Every structure is written in C-alpha cells, then in structure tokens.
Amino acid sequence: MDSHITIFDTTLRDGEQSPGYSMNKQEKLRLALQLEKLGVDVIEAGFPIASDGDYQTVREIGKVIKKSSVAALCRTRQVDLERAVSAVQFAAKPRIHTFIATSDIHLKYKLQMSRSEVVESAVNAVKYAKSHYDDIEFSAEDASRSDPEFLIEIFTAVIDAGATTINVPDTVGYALPWEYSELIRTLKENVSNIDRAVISVHCHNDLGLAVANSLMAIRCGARQIECTVNGIGERAGNASLEEVVMAIETRKNSMHYSTSINTKEIFPASQLLAQITGKGVQPNKAIVGDNAFAHEAGIHQHGVLKNPLTYEIMTPESVGLTSNKIVIGKHSGRFALGKKLEELGYFLDKDDLNEVYVKVTELADKQKTVEDQDLIKIMATANYSNQNPNRTLAAGG
Ligand code: KIV
Ligand code: ZN
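Our numbering runs 144 ahead of the 1-based position in the sequence shown.
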C-alpha cells in the first residue's frame, strides 16, 4: 500500500512572509477555505505573536476550518506560546508549531544561547504546548546547517516532551538532495524515539532544489512535506505544493506515496492566490503557469492533437484546467492552424489552408502570437465563408 504523505500548507504563513504577498483577514479566510477544498492536511494559518491582525486571522480560520488541522507558529518563548495556544482554541484540529534555531551560526549571532539552553527552551515550549493540545510540531530552524549530533539530541528530547512531528527545515535553501536525504536517514536511524513522531521537511528554494529535496526526503522516511501554493515564500520561496503533489501523482510508478489532495483544485487555488495578491504566476511555472499546457511548436501541436500523451505527462483536467492550449504563433504548423480554423467555423481544403498559412505566419512574424480575432480578420479579408457564424461571433466578441 502507498504510504500517506501529510501535506502541510504554509502559504498563509511562510508564503505571506515574502515581500508583496501580505493578505488581510478576509483574503486569508477565502484562501484557507480553498486550501481545505484542495484537501491539505494541515493549514499553517499564521504567526499569532507577529501582530494582532495575524492573531485574529488564525482565530477566525480556526473557527471555519473543519477538515484540515489548523496550525499556529510560535517561537519557544512563553509569550509566543500563549498567543498561539489562544489563537487555535476554536479549531476542530488545533496544532501548535514551535521552533528555535539549532545551527551554530544562529546560536552565536542570533540567539546568543548555548546548545543546552536551546534544548531546555525547546523542551519547555513543547511541554507547555502539550499541556493544551495533543498535536505538537517542533522545528529546528536551520537544521540543514546544524550539527547532526545536536539535532539527534534535541529531537529526542522534544519527542520525549510530547512533540508528535519533528520538522527539519532547510531554512536557507542550502542543502543538496543527497545531503538532505542523508540527514533525514541519519535522524530516522538515530533518534531513539522516532517511532513516536512524524518526520517533516520544510525546504526553501534558494538553489531551486526545494521540491527535489522534499522528494528525496520522503524516500528516506519523511512523511510530512511543508509547501506553499505557487511555491511562494521567503526569498526564492518554499517547495511548491502543486509540484510536490503532481510529482507524487504522475510518477506513481517510481514513488509509492499518496496524498489527500484533490488535484482538480490545484489550478483554482493557484488562481485564487494570484488574484488575491495581485501577483501573477510566471508563465513557465510547472503545473500552474500559463504555458504549462500550451503548445506553439508545429511538431508538438501535431503530436498533442493526435494524442496528448506525446507531449503531456499529465492531463490539464487533472489539475483543474478545462483543456490544453494550442497557441498559434510563428512556430505553428498547418495541422494545428487547420484545427484552430475548424474550431472557428472555417473548413479549408489543402490549397486554401496553404494560402492562409502564409498570411498567418507573416502576421506571426510581426506579433508574438496570433489570436482568434486575428484569424477571423484574415479569413474575412480573404472572403472565406464561415460555416459556424455563431462560433465566430462568440470568438470575435
Ligand atoms: O524556514 C524555516 O526554518 C521556517 C521555520 C519557522 C519552520 O519557516
Ligand atoms: Zn520557512
């Protein structure tokens, strides 16, 4: 049987931390409802100590979300913990997510704490959180640059204190896939009480490796992936939810894992986030970018029109799109142009199609793509009759 991978979505917390992506309470509520529809197991709703707005938002999300767990982030400080504990009090499935840095560089320059002080703070935080709720996650910030021996020590201690998930963040996106998976394997093999906790991974994308690192980690025993819609997040972002999930779905022949994600809600979630934040998705973004299912090159168009499997590894429908997109441009061939014209109501013989093809490529040389309206204009100017005028009007209007 496939092992279940918990999808922990942090779009509303780490995602929102990226410049230009802040969202108000109403916007976060809308997105949280969509995340629940998408089927994420855990929604990290915010960092309640950060502002009163964040606190109120986590509370409201906790009230409306019924199926997903709702997590509140906090440092290991008492004030943070109390705020987080209070923020998720109405949630059907509350989770407290507490963190402290573990790398020497963070201990020396940021925390100015010794290793034993860090362990003590982490253990106290987990115990306090556990006195309120069952579901407790502990993160060792900057884990990928921390001494593995120290990670073994701190994770063993927090699991004893009641942590049910231990998270191993690659906070600065520094790890390489084989290093990161080796770290997960080391933890799995050496944290003596690891059978009482889920190993979670949280990868940033500074080297473009967040998804690869997350997938390698599950091969070595991690069972929770932290990710965001459209891959938004601090600096270069977090592991992208849609990429992680569709990699697992598409490559079932190589990875025996499953998630609870309803993949048909991926595109709507991506669009909602883009609409709320006013930040579009880069066109070549995997899965949800404008070009992810678009074909302009003649050879590709020909193949896809005959059988989409020639150039598509998943169906557009599987991620919530209605169809792929055949774009008419200077790389397109006669076959795709003929099909497009048929859709618009023009059925041409070979010679006529050749004539129109010349006109279309001339236009495509001048502008980047040729839209339906351009085709209709070319056809009207050349006096070709339309056998489906309604379609033309619709396309032209
Ligand atoms: O990147 C990071 O280390 C984090 C932690 C708070 C989990 O976001
Ligand atoms: Zn992060």
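Ideal placement from N, C-alpha and C gives every residue a C-beta, glycine not left out. This one's a predicted model, so the numbers in the text were calculated from it and none came from an experiment.
Could you tell me whether the Cβ of residue i comes closer than 8 Å to any Cβ of chain B?
{"i": "residue 513", "result": "As a matter of chain content, chain B is missing from the structure shown, which is built from one protein chain."}
Skipping 5 residues on each side, what residues in its chain have a beta carbon closer than 6 Å to that of residue i?
{"i": "residue 331", "result": "none"}
{"i": "residue 237", "result": "213"}
{"i": "residue 546", "result": "Not covered by the structure: residue 546. The range shown for the chain is 145 to 541."}
{"i": "residue 181", "result": "409"}
{"i": "residue 283", "result": "243, 311 and 313"}
{"i": "residue 201", "result": "169, 172 and 190"}
{"i": "residue 155", "result": "372 and 373"}
Rounded C-beta distance between residue i and residue j? I'm assuming under 8 Å.
{"i": "residue 387", "j": "residue 431", "result": "6 Å"}
{"i": "residue 146", "j": "residue 348", "result": "About 27 Å; that fails the 8 Å criterion."}
{"i": "residue 338", "j": "residue 366", "result": "Actually they are not in contact, since the Cβ atoms of residue 338 and residue 366 sit about 11 Å apart, beyond 8 Å."}
{"i": "residue 197", "j": "residue 406", "result": "Rounded, the Cβ-Cβ distance is 30 Å, inconsistent with contact."}
{"i": "residue 464", "j": "residue 531", "result": "Not really, about 33 Å apart at Cβ, beyond 8 Å."}
{"i": "residue 372", "j": "residue 385", "result": "6 Å"}
{"i": "residue 315", "j": "residue 285", "result": "5 Å"}
{"i": "residue 455", "j": "residue 442", "result": "Not a contact, Cβ separation roughly 12 Å."}
{"i": "residue 300", "j": "residue 335", "result": "5 Å"}
{"i": "residue 402", "j": "residue 370", "result": "So it is not a contact: roughly 18 Å between Cβ atoms."}
Hey, out of the options, whose CA is closest to residue i's CA?
{"i": "residue 410", "options": "320, 446, 469 and 153", "result": "153"}
{"i": "residue 524", "options": "285, 509 and 485", "result": "485"}
{"i": "residue 166", "options": "191, 448, 286 and 429", "result": "191"}
{"i": "residue 272", "options": "258, 219 and 363", "result": "219"}
{"i": "residue 333", "options": "224, 344, 296 and 351", "result": "296"}
{"i": "residue 382", "options": "318, 392, 308 and 477", "result": "318"}
{"i": "residue 368", "options": "185, 474, 415 and 178", "result": "185"}
{"i": "residue 437", "options": "461, 346, 258 and 528", "result": "461"}
{"i": "residue 188", "options": "416, 150, 223 and 301", "result": "150"}
{"i": "residue 444", "options": "434, 468 and 463", "result": "468"}
{"i": "residue 163", "options": "494, 422 and 513", "result": "422"}
{"i": "residue 439", "options": "472, 158 and 412", "result": "472"}
{"i": "residue 289", "options": "300, 320 and 264", "result": "320"}
{"i": "residue 95", "options": "223, 203 and 204", "result": "Any answer about residue 95 is impossible in this case: the structure gives the chain only from 145 up to 541."}
{"i": "residue 475", "options": "344, 346, 509 and 354", "result": "509"}
{"i": "residue 157", "options": "455, 346, 447 and 448", "result": "346"}
{"i": "residue 390", "options": "294, 454, 459 and 494", "result": "459"}
{"i": "residue 514", "options": "498, 470, 267 and 495", "result": "470"}
{"i": "residue 351", "options": "364, 380, 402 and 446", "result": "380"}
{"i": "residue 396", "options": "203, 363, 420 and 519", "result": "363"}
{"i": "residue 519", "options": "495, 487 and 494", "result": "487"}
{"i": "residue 291", "options": "159, 259 and 453", "result": "259"}
Enumerate in chain order the residues of its own chain whose CB-to-CB distance from residue i is below 8 Å, with the five nearest sequence positions on each side excluded.
{"i": "residue 161", "result": "377 and 378"}
{"i": "residue 262", "result": "244, 245, 246, 251, 255 and 298"}
{"i": "residue 240", "result": "215, 216, 218, 225, 228, 229, 232, 273, 276, 277, 279, 280 and 281"}
{"i": "residue 501", "result": "478 and 481"}
{"i": "residue 492", "result": "482, 485, 500 and 528"}
{"i": "residue 416", "result": "174, 175 and 178"}
{"i": "residue 404", "result": "148, 151, 183, 184 and 185"}
{"i": "residue 522", "result": "500, 503, 504 and 507"}
{"i": "residue 466", "result": "460"}
{"i": "residue 253", "result": "none"}
{"i": "residue 537", "result": "Note that residue 537 scores 44 on pLDDT, short of 50, meaning its location in the model is unreliable and no value can be drawn from it."}
{"i": "residue 497", "result": "478, 481, 482 and 485"}
{"i": "residue 526", "result": "499, 500 and 503"}
{"i": "residue 449", "result": "470, 479, 480 and 483"}
Excluding the five sequence neighbours on either side, which residues of its own chain have a C-beta within less than 7 Å of the C-beta of residue i, listed in chain order?
{"i": "residue 424", "result": "418"}
{"i": "residue 341", "result": "303, 307, 308, 309 and 310"}
{"i": "residue 91", "result": "Shown here, the chain extends from 145 to 541; a query on residue 91 therefore has no answer."}
{"i": "residue 434", "result": "427"}
{"i": "residue 257", "result": "251"}
{"i": "residue 269", "result": "220, 225 and 242"}
{"i": "residue 414", "result": "373, 374, 386, 425 and 432"}
{"i": "residue 203", "result": "231 and 234"}
Where are the alpha helix (DSSP H) runs, 4 residues long or more, that stay fully inside the stretch 494 to 523, in chain order? 494 to 510
Give a yes or no on contact between the stretch 167 to 179 and the stretch 224 to 234, applying the rule of three or more CB pairs nearer than 8 Å. no
Three or more beta-carbon pairs under 8 Å between the stretch 347 to 359 and the stretch 319 to 331, yes or no? yes
Specify whether the stretch 202 to 217 and the stretch 245 to 257 touch according to this definition: at least 3 beta carbon pairs, one from each stretch, less than 8 Å apart. no
Which ranges does the alpha helix (DSSP H) cover as unbroken runs of at least 4 residues, wholly within the stretch 232 to 281, from first to last along the chain? 259 to 274
So within the stretch 353 to 435, which uninterrupted alpha helix (DSSP H) runs reach at least 4 residues, ignoring any that extend past its ends? 354 to 363, 385 to 394 and 410 to 421
Threshold first: 3 residues or longer. Then list the beta strand (DSSP E) segments lying entirely within the stretch 147 to 197, N to C. 150 to 153 and 186 to 190
Identify every run of the beta strand (DSSP E) within the stretch 449 to 475, keeping only runs that are complete inside it and at least 3 residues long; order them along the chain. none
Segments assigned alpha helix (DSSP H), at least 4 residues, entirely inside the stretch 304 to 335: 321 to 334
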